Amino acid sequence: MENHIKDNRELYEKSFKEDLFNIEFILENIKDLQTLPKTFGSQPDIRTDFELLSMRENYTYKNFKKLCDHYPKGKYYFHFGGKHSVLKEIWGLENIAIKLQKDDTFKDKIYAIRTYYGVGTSMGAEVEQPVYSNIPTELEKQLQTVKGEFGDLIIDLNNRRSPIKNTLNLNYFEPAEREVLKPDSDTKTTDYFQGIIIIKNPKGGTAYSVFPD
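Residue numbering for the sequence shown follows numbering that gives the first Met the number 0, starting at 0 and increasing by one per position.
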């Protein structure tokens, strides 16, 4: 199909207009997907699937750049998981946030936000939505001490009154991250992310089958 588009460019542009960009974007991603190790499809582990995860970050960065070059300039919000969005290496993996921070176009323009969820549900294909929670126990206890019962929150760690602005507080990190992080005088929490969103009672979306009964 890629060659067919190349040989019939004018026809495709006339037929699909703006959607041609989306078609070519998807085709390129399908090609990139074929280059990933065959372990792709299961939940990758940083300890055993470093090559896969590194390639994935490279392709994600390439996609980000392509989208930014194509669409009008402005402020955009992209939602990535926590391992993609920390601004300082934890496992030696240079993720998309770090790549963007090193990019001259985006340097010092990235504000990384960590999202944590209280006890709720996540989207699943099952009849009943699975129960899900990822807020660190220590962070939840700390918030209860300061605020009592709390709801959804946005925490600006760079606030001038922030008690951890200049320190590394492991309570704000996931358990697996705390295992490898080494507190020192030169590292602080905001080197990794500058904000936290707490969604207290998340409700999972509805999964629709493409093969209904």
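C-beta atoms are modelled at their ideal positions from N, C-alpha and C, and glycine is treated no differently.
Small disclaimer: the values here were computed from a predicted structure and weren't measured.
Check                                                                                                        : Outcome
With 16 other Cβ atoms within 10 Å as the buried cut-off, status of Gly91                                    : exposed
Same chain, Cβ closer than 8 Å to Glu12, neighbours up to 5 away in sequence not counted                     : Leu19
Beta-bridge pairing of Leu152 - partner residues as DSSP gives them                                          : Ile197
Residue span of the beta strand (DSSP E) that contains Thr144, given as start and end                        : Element bounds for Thr144: not the beta strand (DSSP E) but the alpha helix (DSSP H), 136-146.
Residue range of the alpha helix (DSSP H) that includes Tyr11                                                : 8-15
Three-state secondary structure assigned by DSSP to Val85                                                    : coil
Where Gln193 falls, given that 16 or more other Cβ within 10 Å makes a residue buried                        : buried
Residue environment, Gly81, which counts as buried when at least 16 other CB atoms sit within 10 Å           : buried
Proximity to Ala206 [Cα-Cα], best of Asn28, Ser121, Ile196, Met54                                            : Ser121
Beta-carbon spacing of Asn200, Gly119 below 7 Å                                                              : yes
Residue(s) in a DSSP beta bridge with Ile112                                                                 : Gly194
Ser53, enclosing alpha helix (DSSP H) - first and last residue                                               : 49-69
Counterpart residues of Tyr131 in DSSP-defined beta bridges                                                  : Gly119
Environment of Val85 [buried if 16+ CB atoms lie within 10 Å]                                                : buried
Three CB pairs or more closer than 8 Å across the region 92-102 and the region 49-56                         : yes
Asn144, buried or exposed, once every other Cβ within 10 Å from all chains shown has been counted against 16 : For clarity, residue 144 is Thr in the given sequence; the question names Asn instead. Its Cβ having fewer than 16 others within 10 Å, Thr144 is exposed.
Burial state of Glu113 (16 or more Cβ within 10 Å)                                                           : Here residue 113 turns out to be Arg, not Glu, going by the sequence shown. That one is buried.
Ile22 CB to nearest heavy atom of the ligand SAH below 6 Å                                                   : With respect to small molecules bound, the structure shown includes none, and the ligand SAH cannot be examined in it.
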